[in-house]
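> For reference, the structure I am asking about is given below.
There are 2 protein chains.
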Amino acid sequence: MAAENDFVKDITKKSVDFSAWYVDVIKKAELADYSPMKGMMVIRPYGYEIWELIRDQLDRMFKESGHRNAYFPLFIPESLLKKEAEHVEGFAPEVAWVTVGGGEVLEERLAVRPTSEAIICSMYSKWVKSWRDLPLLYNQWANVVRWEKVTRLFLRTTEFLWQEGHTVHATAEEAEEETLRMLATYRRLAEDYLAIPVVTGLKSDSEKFAGAVRTYAIEMLMPDGKALQAGTSHNLGQNFAKAFNIRYESKEQKLEYAWQTSWGATTRLIGALIMTHGDDSGLILPPRVAPIQAVIVPISAGNWQETVLPHAKKILNELKAAGLRVHLDDRDSYTPGWKYADWEMRGVPVRVEIGPKDIEKQQVVLVSRLDRKKSFVPWNGLAAELGSLLEHIQAELYRRAKAFHDENTRPAATYDELSEAMAGSRGLIKSGWCGGRDCEAKVKAGTAATIRVILDQPDATLGKCAVCGQKASHTVLFAKSY
Amino acid sequence: MAAENDFVKDITKKSVDFSAWYVDVIKKAELADYSPMKGMMVIRPYGYEIWELIRDQLDRMFKESGHRNAYFPLFIPESLLKKEAEHVEGFAPEVAWVTVGGGEVLEERLAVRPTSEAIICSMYSKWVKSWRDLPLLYNQWANVVRWEKVTRLFLRTTEFLWQEGHTVHATAEEAEEETLRMLATYRRLAEDYLAIPVVTGLKSDSEKFAGAVRTYAIEMLMPDGKALQAGTSHNLGQNFAKAFNIRYESKEQKLEYAWQTSWGATTRLIGALIMTHGDDSGLILPPRVAPIQAVIVPISAGNWQETVLPHAKKILNELKAAGLRVHLDDRDSYTPGWKYADWEMRGVPVRVEIGPKDIEKQQVVLVSRLDRKKSFVPWNGLAAELGSLLEHIQAELYRRAKAFHDENTRPAATYDELSEAMAGSRGLIKSGWCGGRDCEAKVKAGTAATIRVILDQPDATLGKCAVCGQKASHTVLFAKSY
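Those protein sequences? They're chains A and B, same order as listed. Under my numbering, the first residue of the first sequence carries the number 1033, and numbering increases by one thereafter. Under my numbering, the first residue of the second sequence carries the number 1033, and numbering increases by one thereafter.
See below:
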């Protein structure tokens, strides 16, 4: 097993240097790479396959709730971006501007979309005429650009891939319902597929989307004690409808401004997956979003290509036919030990070993990526057994992450306690908040922590603002964030 | 049926004004719309659903032949684009340049990708090291921008969606094989799914991709006698490998430049679909790429919501369970006649009518979009019958298009004959060509026709160049093109 040891040496241990481990794993597992275009990453096939699985699942959920995909232009004329004042103020500093096209300097600068409210609302003002046209439930899968000074693979890049939903409704109530429905969709994706627990809630005014009335988010707690905003859902009220003149004729034949929402999730989710589940040996992928759920490694002794390989191929086909994503590693140039370490590093949830002895016994050895625990499973009924093991791994990954999340969600009644937590192991720190911008700003300046969400359920034991000691109007979670 | 007549009035007849019909159908069927961003279109949900079907089918074919998806940056630094001389010369005039980002003027301009060879090859030079890394078979689904002076919905837009495959091989032979394999994939997509016959062949030097050694294309003949280039496959030879230093160590431990291909198809295919199959009543979609393959229209007489609708819903669920894409139009605010015309205009291949009499007889009426021919089909076995009718429609659309294609592929032995054809009904005009640039240029200047493809099989009856009368080295197809 010298090869295995060699292998693991290439990756910084997660327990030693979390940030270095994160980059090492991404590069070694070939999920992504830096590109010559500063701040923009390349998503390599293994990373992109994870994105395809996330995207397809989210897309199914959107379609089940009546949403349809469309595609809007990449460029947004500056005058259009300026129509909603808060919106342009929030996004202008991050915009990449096209100023030359077809060899000529353009009369008007074009923003490379940082988000698409402006261009989409300009179309909605044409398309929405009557209450019969509502609700209008559209989504777009696209790339967006936001100029970033400091970037990190998957977590913060100048270009990223995302989906952005943009809906139009007849009433304020329906818009709020939609905002919360999509927030719940993100929660379901995170918890049931990515195996990452989330906390949901409202953003404070200083953290909300530029142009929104209310922003909700799902927040995840990473192993280094920092929070990751992993999806946002905005109730836009009538802000954009008024700026872009989106009006409909009601059943009572009155012309009314419409109510809108927008919501998005990005390739950042892949970063969350990596950080949450990986260990010192590399990546661990939850089976539901693993491009390869099980890898078959034949024991390559003697004339294995005649003896073992045919059985391995038969098992591959059976497992594939059962709908499992299985890969057979039949490379001759690597030892089984090297392959074990390589696929562990790539986070494949289950390894299927098969050698001459197993063939005699008509069995295989299943090895879980979680703990290397082995089980000997007969060929007969293998797909069902493997399916159960995958479900077990999926559940166990969630359970582990949930335990960490809960252990590291702690109260702080005073500024000192809050400050101490942020200087130590961090986590999601629950505090009372008076609702004042000054108190929020003081925490940020002093501890670098921000309000991640305002909780739905106030905590009666945190009745006073941790900063000013006045009566708390909200219970919030403070954290340092990505 | 007054409603139906009203309806059809909104669309110019295809037989009267083809260009006006094309735009009318796209706008009325809500496939796409013009946007405030000049030259860039919005793809509306019904149009995007067609794209999803085309994309998913092509993606399946790519994956079956061992290709994997990845994602590369949208922006390409100018210095990188300049590395391959022919390439930059070909694309620079069409580039949109980002010059400002994050509030500052950039030191180097960034091209919004017009195609991704430059950025992808810069990564391949890092990733390709050994013969073991080859072949490298990657594809990307992305948006690209090419500045266009004159645009047309779907056919030529400043931004479009496409896939671009980029592969690396150890030998010239393998690269050529791949180039032809992907050309054949495009042919299969066009003929078996879009029901559009194509002719394939090599491009002349003046029409080939900037930086390629050889470009092959699939060309379609549109009803107005103009050709549409609908997919291209390039053998890049070692041009980019040399410019970007993509080298691998061979089995013999020698450092060799790699061989490459690239190939692409775009949202333009939707334009081809619309033009080829539609008629005076609107769109006709081939069932394999129709978002709605059959629409159920209940006859809304009396208390139809209690009597007819429950049966319609049952049939909907049965047909959906059989894997068919079926929609039930249960709107109360429109008459059946209005709905018939509306869904015909939207190109749904089959209408399923059901009324009180049909319920008595436990049957439905199937109406084909091709010729409005009715068939009375019992509920029992309906899914299979509908499936057969859809297959029939798919085949018949191809047969019609093929007949037109063949009828309008005609020989011209002399320049006068060629010129006459172009002044008349146009079409694909088969001629001998000496291989000279001057003769090619003379045809273009005099008739606006260009060489669409050089045919694999020379036609012995066209032994002389139609322009200069010298010995023909090739048989080519001339046409005016989109």
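The beta-carbon is built from N, C-alpha and C at its ideal position, and this holds for glycine as well.
(1) Could you tell me whether the Cβ of tyrosine 1080 of chain B comes closer than 9 Å to any Cβ of chain A?
(2) Using only CA atoms, which one of B:Leu1185, B:Arg1246, B:Lys1346 lies nearest to isoleucine 1302 of chain B?
(3) Name the chain B residues that come within less than 9 Å of aspartate 1065 of chain A, Cβ to Cβ?
(4) So is tryptophan 1539 of chain B in contact with chain A if we call contact Cβ pairs under 9 Å?
(5) Consider the Cβ of alanine 1242 of chain B: report whether some Cβ of chain A lies at a distance smaller than 9 Å.
(6) For chain A, is any of its Cβ atoms less than 9 Å away from the one on threonine 1536 of chain B?
(7) Any beta carbon of chain A sitting closer than 9 Å to that of alanine 1035 of chain B?
(8) At a CB-CB cut-off below 8 Å, which residues of chain B make contact with arginine 1523 of chain A?
(9) Any beta-carbon of chain A closer than 9 Å to the one on glutamate 1126 of chain B?
(10) Report buried or exposed for aspartate 1088 of chain A, applying the criterion of at least 16 other Cβ atoms within 10 angstroms of its Cβ.
(11) Could you tell me the distance, in whole angstroms, from the CA atom of glycine 1419 of chain B to the CA atom of aspartate 1312 of chain B?
(12) Does alanine 1416 of chain A come out as helix, strand or coil in the three-state DSSP assignment?
(13) Just reading off the beta strand (DSSP E) that threonine 1217 of chain B is part of, what are its end residues?
(14) At a CB-CB cut-off below 9 Å, which residues of chain B make contact with leucine 1166 of chain A?
(15) Quick check: what's the CA-CA separation for serine 1154 of chain B versus asparagine 1171 of chain B?
(16) Using beta carbons (cut-off 9 Å, strictly below), is serine 1365 of chain B in contact with chain A?
(17) Thinking C-alpha only, which one of B:Pro1229, B:Asp1364, B:Pro1319, B:Gly1263 is nearest valine 1329 of chain B?
(18) Note down the Cα distance separating lysine 1462 of chain B from alanine 1435 of chain B, rounded to an integer number of angstroms.
(19) Check the Cβ of glutamate 1100 of chain B against every Cβ in chain A and list those closer than 8 Å, keeping chain order.
(20) From the beta carbon of arginine 1246 of chain A, is the nearest beta carbon of chain B less than 9 Å away?
(21) So, do the stretch 1144-1163 of chain A and the stretch 1267-1275 of chain A have three or more beta carbon pairs nearer to each other than 8 Å?
(22) What residue from A:Ser1051, A:Thr1507, A:Pro1410, A:Thr1183 has the CA that sits closest to isoleucine 1347 of chain A's CA?
(23) Leaving out five residues before and five after isoleucine 1075 of chain A in sequence, what residues of the same chain have Cβ atoms less than 6 Å from its Cβ?
(24) Within 9 Å (strictly less), CB to CB, does aspartate 1038 of chain A reach chain B?
(25) To the nearest angstrom, how far is it from the Cα of serine 1148 of chain A to the Cα of proline 1105 of chain A?
(26) Leaving aside the five residues before and after lysine 1345 of chain B along the sequence, list all residues of the same chain whose C-beta is less than 7 Å from its C-beta, in chain order.
(27) Which residues share a DSSP beta bridge with phenylalanine 1123 of chain A?
(28) Beta strand (DSSP E) containing threonine 1293 of chain A: first to last residue?
(29) Tell me, please, whether the stretch 1288-1296 of chain B touches the stretch 1195-1215 of chain B by the rule of three or more beta-carbon pairs shorter than 8 Å.
(30) Any idea what DSSP makes of isoleucine 1043 of chain A, helix, strand or coil?
(31) Taking Cβ positions only, does lysine 988 of chain B come closer than 9 Å to chain A?
(32) With DSSP as the reference, label alanine 1034 of chain A as helix, strand or coil.
(33) Quick check: alanine 1128 of chain B and phenylalanine 1107 of chain A, are their CB atoms within less than 9 Å of each other?
(34) Indicate the three-state DSSP secondary structure (helix, strand or coil) for glutamate 1118 of chain B in the structure shown.
(35) Contact defined as beta carbons within less than 8 Å: I believe tryptophan 1163 of chain B pairs with glutamate 1281 of chain B. What is the distance between those atoms, to the nearest angstrom?
(36) Consider the Cβ of alanine 1202 of chain B: report whether some Cβ of chain A lies at a distance smaller than 9 Å.
From the atom records:
(1) In the second sequence, the residue the question calls residue 1080 of chain B occupies position 48. Tyrosine 1080 of chain B has a beta carbon lying within less than 9 Å of a beta carbon in chain A.
(2) In the second sequence, counting from the first residue as 1, residue 1302 of chain B sits at position 270. Selected option, being the one with the closest Cα: B:Leu1185.
(3) The residue labelled residue 1065 of chain A in the question sits at position 33 within the first sequence. Going along chain B in sequence order, the residues near aspartate 1065 of chain A (Cβ under 9 Å) are Met1155, Lys1158, Trp1159.
(4) Given that chain B is displayed from residue 1033 to residue 1514, the structure contains no residue 1539 of chain B and the question cannot be resolved.
(5) As a working mapping, residue 1242 of chain B is identified with position 210 in the second sequence. The C-beta of alanine 1242 of chain B comes no closer than 9 Å to any C-beta of chain A.
(6) One cannot answer for residue 1536 of chain B here, as it falls past the ends of chain B, which runs 1033 to 1514.
(7) Walking along the second sequence from the start, residue 1035 of chain B turns up at place 3. Because alanine 1035 of chain B sits at a pLDDT of 42, beneath the cut-off of 50, its placement in the model cannot be relied upon, and the following sentence gives the value as read from the coordinates. No, its Cβ sits nowhere closer than 9 Å to a Cβ of chain A.
(8) Only positions 1033 to 1514 of chain A appear in this structure, which leaves residue 1523 of chain A out of reach.
(9) One-based indexing of the second sequence puts residue 1126 of chain B at position 94. Flagged as an interface residue toward chain A: glutamate 1126 of chain B, by a C-beta distance shorter than 9 Å.
(10) In the first sequence, residue 1088 of chain A corresponds to position 56, counting from 1. Of the residues assessed, aspartate 1088 of chain A falls on the exposed side of the cut-off, its CB having fewer than 16 other CB atoms within 10 angstroms.
(11) The residue you call residue 1419 of chain B lines up with position 387 of the second sequence. The residue you call residue 1312 of chain B lines up with position 280 of the second sequence. Taking the straight line from one Cα to the other gives about 26 Å.
(12) Locating residue 1416 of chain A in the first sequence gives position 384, where the first residue counts as 1. Correct three-state label for alanine 1416 of chain A: helix.
(13) Stepping through the second sequence from its first residue, residue 1217 of chain B is reached at position 185. In the DSSP annotation of this structure, threonine 1217 of chain B is not part of any beta strand (DSSP E); the continuous alpha helix (DSSP H) holding it starts and ends at 1204-1220.
(14) Translated into the one-based positions of the first sequence, residue 1166 of chain A becomes position 134. None at all; the shortest Cβ gap to chain B is about 14 Å.
(15) Translated into the one-based positions of the second sequence, residue 1154 of chain B becomes position 122. Translated into the one-based positions of the second sequence, residue 1171 of chain B becomes position 139. CA-to-CA, the gap between serine 1154 of chain B and asparagine 1171 of chain B works out to about 16 Å.
(16) Counted from its first residue, the second sequence places residue 1365 of chain B at position 333. Yes, contact with chain A.
(17) Locating residue 1329 of chain B in the second sequence gives position 297, counting from the first residue. Its Cα nearest to that of valine 1329 of chain B, the residue B:Asp1364 stands out among B:Pro1229, B:Asp1364, B:Pro1319, B:Gly1263.
(18) Stepping through the second sequence from its first residue, residue 1462 of chain B is reached at position 430. Stepping through the second sequence from its first residue, residue 1435 of chain B is reached at position 403. Separation of lysine 1462 of chain B and alanine 1435 of chain B (C-alpha to C-alpha, rounded to the nearest whole angstrom) is 17 Å.
(19) For the purposes of this step, residue 1100 of chain B is taken as the residue at position 68 of the second sequence. Strictly speaking, residue 1100 of chain B in this sequence is arginine, with glutamate absent from that position. Neighbours of arginine 1100 of chain B on chain A, chain order: Pro1077, Tyr1080, Glu1081.
(20) By 1-based counting over the first sequence, the position of residue 1246 of chain A is 214. Not an interface residue.
(21) Contact between the stretch 1144-1163 of chain A and the stretch 1267-1275 of chain A is present, because at least three Cβ pairs lie under 8 Å.
(22) Locating residue 1347 of chain A in the first sequence gives position 315, where the first residue counts as 1. Of A:Ser1051, A:Thr1507, A:Pro1410, A:Thr1183, the residue nearest in Cα terms is A:Pro1410.
(23) Locating residue 1075 of chain A in the first sequence gives position 43, where the first residue counts as 1. Contacts found: Ala1064.
(24) Start at 1 with the first residue of the first sequence, and residue 1038 of chain A comes out as number 6. Its pLDDT being 48, under 50, aspartate 1038 of chain A is placed unreliably by the model, and nothing is read from it.
(25) Counted from its first residue, the first sequence places residue 1148 of chain A at position 116. Counted from its first residue, the first sequence places residue 1105 of chain A at position 73. C-alpha separation (whole angstroms): 9 Å.
(26) Along the second sequence, read from residue 1 onward, the residue named residue 1345 of chain B stands at position 313. Cβ neighbours of lysine 1345 of chain B within its own chain (closer than 7 Å, five residues either side excluded): Leu1360.
(27) Here residue 1123 of chain A corresponds to residue number 91 of the first sequence, with the count starting at 1. According to DSSP, which records beta bridges pairwise, phenylalanine 1123 of chain A is partnered with nothing at all.
(28) Numbered from 1 along the first sequence, position 261 holds the residue referred to as residue 1293 of chain A. Counting along the chain, the beta strand (DSSP E) containing threonine 1293 of chain A begins and ends at 1291-1298.
(29) A contact exists between the stretch 1288-1296 of chain B and the stretch 1195-1215 of chain B.
(30) Along the first sequence, read from residue 1 onward, the residue named residue 1043 of chain A stands at position 11. Here isoleucine 1043 of chain A carries a coil assignment [DSSP, helix/strand/coil].
(31) Beyond the ends of chain B as shown, which are 1033 and 1514, falls residue 988 of chain B; an answer cannot be given.
(32) If you number the first sequence from 1, residue 1034 of chain A lands on position 2. In this prediction, alanine 1034 of chain A scores a pLDDT of 38, lower than 50, which makes its location untrustworthy; no coordinate-derived value is stated.
(33) If you number the second sequence from 1, residue 1128 of chain B lands on position 96. If you number the first sequence from 1, residue 1107 of chain A lands on position 75. In terms of Cβ geometry, alanine 1128 of chain B and phenylalanine 1107 of chain A form a close pair [threshold 9 Å].
(34) Numbered from its first residue, the second sequence carries residue 1118 of chain B at position 86. Here glutamate 1118 of chain B sits in helix by DSSP.
(35) On the second sequence, position 131 is the one that residue 1163 of chain B refers to. On the second sequence, position 249 is the one that residue 1281 of chain B refers to. Glutamate 1281 of chain B and tryptophan 1163 of chain B do touch by the CB rule: their CB atoms are close to 7 Å apart, below 8 Å.
(36) In the second sequence, counting from the first residue as 1, residue 1202 of chain B sits at position 170. Chain A contact via Cβ: absent.
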